[in-house]
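Counting along the sequence shown from 1, when you hit position 15 you're at 14 in numbering that gives the first Met the number 0, and nothing is skipped either side.
First the structure, in the form of structure tokens, and then the observations on it.
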Amino acid sequence: MGTRFRRAAWLMKIEDLSQTDLLHLIERYYAGDKVSNLIKAFGLDLKPNQFVAALPPEELDQCCRHCGNTLFRSRSSRSYSLVTKPPHCPVCGHYELGGTGRCTCPACKEERSQIERAKINSVSEAISSYLREQVRPPRDYATLDIRQKVFLAALLRAAGDETCTFIDRVDQSTSKQPIAPTEEYIREMLLELWNCGAIYVSDESEVEAFGVEQHADGLRVKGVYIFKTCWNVCVTGATVIEMMRPRQIEPDADALSFWIDMSVSEALAYLNNERARVGLDAPSGEKTTAIIRMIVEKYSTAEAVFFIWVTLRDVVYARESKRLNRVHAANCIPVYLSSKFEKYMSEGWEPKSYNRFGAQSLASDILYNNVLGLRGDGFTKRPSLEALGRTDKVLPPPNE
Ligand SMILES: [Zn+2]
Ligand SMILES: [Zn+2]
Numbered sequence: 000m001g002t003r004f005r006r007a008a009w010l011m012k013i014e015d016l017s018q019t020d021l022l023h024l025i026e027r028y029y030a031g032d033k034v035s036n037l038i039k040a041f042g043l044d045l046k047p048n049q050f051v052a053a054l055p056p057e058e059l060d061q062c063c064r065h066c067g068n069t070l071f072r073s074r075s076s077r078s079y080s081l082v083t084k085p086p087h088c089p090v091c092g093h094y095e096l097g098g099t100g101r102c103t104c105p106a107c108k109e110e111r112s113q114i115e116r117a118k119i120n121s122v123s124e125a126i127s128s129y130l131r132e133q134v135r136p137p138r139d140y141a142t143l144d145i146r147q148k149v150f151l152a153a154l155l156r157a158a159g160d161e162t163c164t165f166i167d168r169v170d171q172s173t174s175k176q177p178i179a180p181t182e183e184y185i186r187e188m189l190l191e192l193w194n195c196g197a198i199y200v201s202d203e204s205e206v207e208a209f210g211v212e213q214h215a216d217g218l219r220v221k222g223v224y225i226f227k228t229c230w231n232v233c234v235t236g237a238t239v240i241e242m243m244r245p246r247q248i249e250p251d252a253d254a255l256s257f258w259i260d261m262s263v264s265e266a267l268a269y270l271n272n273e274r275a276r277v278g279l280d281a282p283s284g285e286k287t288t289a290i291i292r293m294i295v296e297k298y299s300t301a302e303a304v305f306f307i308w309v310t311l312r313d314v315v316y317a318r319e320s321k322r323l324n325r326v327h328a329a330n331c332i333p334v335y336l337s338s339k340f341e342k343y344m345s346e347g348w349e350p351k352s353y354n355r356f357g358a359q360s361l362a363s364d365i366l367y368n369n370v371l372g373l374r375g376d377g378f379t380k381r382p383s384l385e386a387l388g389r390t391d392k393v394l395p396p397p398n399e
């Protein structure tokens, strides 16, 4: 009641002051006059802590970039005079924030979503144009070599659709049976089929499958993440059954080298698995792979597994007894492996033959069972042309 009476009697609002008085008031405020004195002198209906907020904003010589109206700036308290308030448009609500500021006026929001839409458009345009370049004429199934046929069969069995025209993204972790012994081998399979034109990147692939890069003329796909990609199968001249079960082949040098490659990969899978178990899980490098290849050219996978087993046993023993650190112990693996191999070779010792560990992969299954007709021998026999040749069914002698 009392406030209302006093105000009605003689107190004024700031906006009631004349332009001259107002300028004078502002000038005195920033010159340092006490606020309570100013309120009294100008007869204002304000408490000192309301004073700055009540000052009318400063009109700027600057226009709103959205609606063209004059921008204003709220007055800062003189104690914070270094912190200037941002220019503000009273008509559309825009704040000129500059730098990384995010104005939330409707026009700025729309501007940002337009930029976002344009960005998405150009990513999808980049992907579309990449996909258009991918399309190619189909490969005749008969012209694929045996590796390509086995790789295709394994991928179709693991992730193919009913018609064998599409391969879903290859996810080793969710498939019941491993596709190939190692992830590296699966990568090789996909690249081989892609390079030979039997599969190409499908437009069913998610955006995350594509690596997009900024170029002077816009965005471009620089490549795909092979394990996030879906594939179209681009092969003619074979039925679904034929593609899933490639036929047996002549035991030639190609067949032998395929066998050896698969053995290397299976032995590596065993090594990597066991390394992880004994805490030496740095990935096996090229040197170790080369030694395993040397072993597998002389011995069976089952025997290679024996060499790996005794190597790891000795490395773990050395690590404990000589207190080797992890890196040093891991570096011993190829050294010990090759010396074991050379010792057995030079002494003519017979290594033990180990059983298959873990589930057989699809690729190995198709190669050994369908294509080479080796079955379990693929794992237990030493790869040779002779071993391949002898796998043909031998008729029992006539007198038996
Ligand atoms: Zn505006
Ligand atoms: Zn704005």
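Using N, Cα and C, we set each Cβ at its ideal position, and we do this for glycine too.
From a predicted model like this one, the values you see are computed outputs, not experimental measurements.
Reduced DSSP category for residue i - H, G, I as helix; E, B as strand; rest coil
i, result
"D20", "helix"
"D251", "coil"
"R77", "helix"
"C88", "coil"
"H65", "coil"
"G216", "Checking the sequence shown, residue 216 turns out to be Asp, not Gly. D216 falls in the coil class under three-state DSSP."
"D15", "helix"
"T228", "coil"
"G377", "helix"
"L43", "strand"
"D60", "strand"
"Y94", "strand"
"V169", "coil"
"T287", "helix"
"Y199", "strand"
"G357", "coil"
"A386", "helix"
"K175", "coil"
"L10", "coil"
"T181", "coil"
"R244", "coil"
"D139", "strand"
"L366", "helix"
"Y70", "Before going on, a small fix: residue 70 reads as Leu here, not Tyr. Residue state, collapsed to three classes: strand."
"V34", "helix"
"K351", "coil"
"V234", "strand"
Identity of the residue in the options nearest residue i by Cα
i, options, result
"N231", "L70, A158 and N68", "A158"
"P85", "G217, C102 and Y224", "C102"
"R156", "T142, Q171 and L143", "Q171"
"L267", "L255, A301, A252 and A117", "A301"
"K405", "L130, A254 and V309", "Because the chain spans 0 through 399 in this model, residue 405 falls outside it and cannot be assessed."
"L59", "Q49, L279, E95 and C163", "E95"
"D216", "A125, K12 and D167", "A125"
"S338", "R325, M293, G372 and L361", "M293"
"D404", "S123, Y184 and S256", "Any question about residue 404 goes unanswered here, given that the chain covers just 0 to 399."
"A252", "G388, E110, V34 and I114", "G388"
"E241", "A141, R374, G278 and G377", "A141"
"T287", "F257, A275, L130 and L336", "L336"
"Y79", "L143, Y29, S121 and K118", "Y29"
"L143", "A197, S127 and R168", "A197"
"V315", "E285, R276 and G284", "R276"
"I166", "E182, K227, E110 and Y184", "K227"
"L70", "T83, P89 and P55", "P89"
C-beta contact flag for residue i and residue j at 8 Å
i, j, result
"F305", "P333", "no"
"A152", "M261", "no"
"C195", "Q147", "yes"
"L16", "L10", "no"
"V295", "P180", "no"
"V211", "V200", "no"
"S204", "C233", "no"
"A254", "L371", "yes"
"S264", "T379", "no"
"R74", "V51", "yes"
"V149", "I307", "no"
"N271", "P282", "yes"
"N368", "P245", "no"
"S360", "Q176", "yes"
"A317", "A303", "no"
"V239", "C163", "yes"
"T235", "D139", "yes"
"R77", "H87", "no"
"F356", "I290", "no"
Beta-carbon separation (whole angstroms), residue i vs residue j, contact threshold 8 Å
i, j, result
"C91", "C66", "5 Å"
"I400", "L189", "A query on residue 400 cannot be resolved here, the shown segment of the chain reaching from 0 to 399 and no further."
"I13", "L37", "So it is not a contact: roughly 11 Å between Cβ atoms."
"L279", "R322", "About 15 Å; that fails the 8 Å criterion."
Cutoff 8 Å: residue i Cβ touching any chain C Cβ
i, result
"A252", "Given the protein chain composition of this structure (a single chain), no chain C is represented."
Quiz item: Under a criterion of Cβ closer than 5 Å to any non-hydrogen atom of ligand 2, which residues qualify, in chain order?
Solution: Counting only heavy atoms of ligand 2, the residues whose C-beta sits closer than 5 Å to one of them are, along the chain, H93, C102, C104 and C107.
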